[in-house]
Structures are given as C-alpha cells and as structure tokens.
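Visitor: Numbering (the numbering used here), first residue to last: 1 to 99. Take this structure first; my questions come after.
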Ligand SMILES: [Zn+2]
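Take a look at the structure:
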C-alpha cells in the first residue's frame, strides 16, 4: 500500500492510496502526531503517553514540502524548519482513521 497521489488542499494533507482509499489529515494534526524522537521521545504510539509541551507557531503547521523515504514512508518539511519526523505509510493511515 503506497500513496498514488498526495496533495495539500488548504490545511488538509490529502492522500490517494494505490488501493483507491483516500485519507484526509489536517496539517495541524499531522504535525502534532510527528513521530520523531524530539516530539515523541522514545514512546511507542500504542502506549499511552503524555507529550511534552511543544512550542508551536503558525509556521509549525505550514507544510513546505515532503520527500519519500525508502519506499515505506515520507518526511514532511515544515515551515518552522522541523523535518525530523518520518511518517510511515502505515502510520499515516492510522492517523486518518483516528482523526
Ligand atoms: Zn518531530
């Protein structure tokens, strides 16, 4: 399962998957779900956790672009300079289903 097409429409990250399904994730929700060590520590997403307070700015929820990583995920570049999070395609689908 891989993205066939990705678009940002206003504040929504829209993914069309190769199985025909579509996912819509608010950019803010996408950023807040950043899986990198800095944002999430070493916690597992399946375990309950208390996120550390983050200092977000409006630029934190603005997407500059993204690149694919190793055929299993993608790495968004945010307007505030943060680009450490690699979102696996699996994780993106999970985000969408809990939104
Ligand atoms: Zn992060």
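Even glycine gets a Cβ: it sits at the ideal position worked out from N, Cα and C.
Measure the CB-CB distance between residue 63 and residue 76 and report whether it falls below 7 Å.
Guide: For this step, residue 63 is matched to residue 63 along the chain shown. For this step, residue 76 is matched to residue 76 along the chain shown. Contact: yes.
Visitor: Is the beta carbon of residue 59 closer than 7 Å to that of residue 80?
Guide: Working through the chain shown from its first residue, we reach residue 80 at position 80. Working through the chain shown from its first residue, we reach residue 59 at position 59. Yes, the Cβ-Cβ distance between residue 80 and residue 59 is below 7 Å.
Visitor: Are residue 3 and residue 85 touching if we call contact CB-CB under 7 Å?
Guide: One-based indexing of the chain shown puts residue 3 at position 3. One-based indexing of the chain shown puts residue 85 at position 85. Cβ distance not < 7 Å, so residue 3 and residue 85 don't count as in contact.
Visitor: CA-CA distance, residue 69 and residue 87?
Guide: As a working mapping, residue 69 is identified with position 69 in the chain shown. As a working mapping, residue 87 is identified with position 87 in the chain shown. Approximately 9 Å, taken between the alpha carbons.
Visitor: Under 7 Å, do residue 27 and residue 61 count as touching if we go by C-beta distance?
Guide: Along the chain shown, read from residue 1 onward, the residue named residue 27 stands at position 27. Along the chain shown, read from residue 1 onward, the residue named residue 61 stands at position 61. Going by C-beta atoms, residue 27 is nearer than 7 Å to residue 61.
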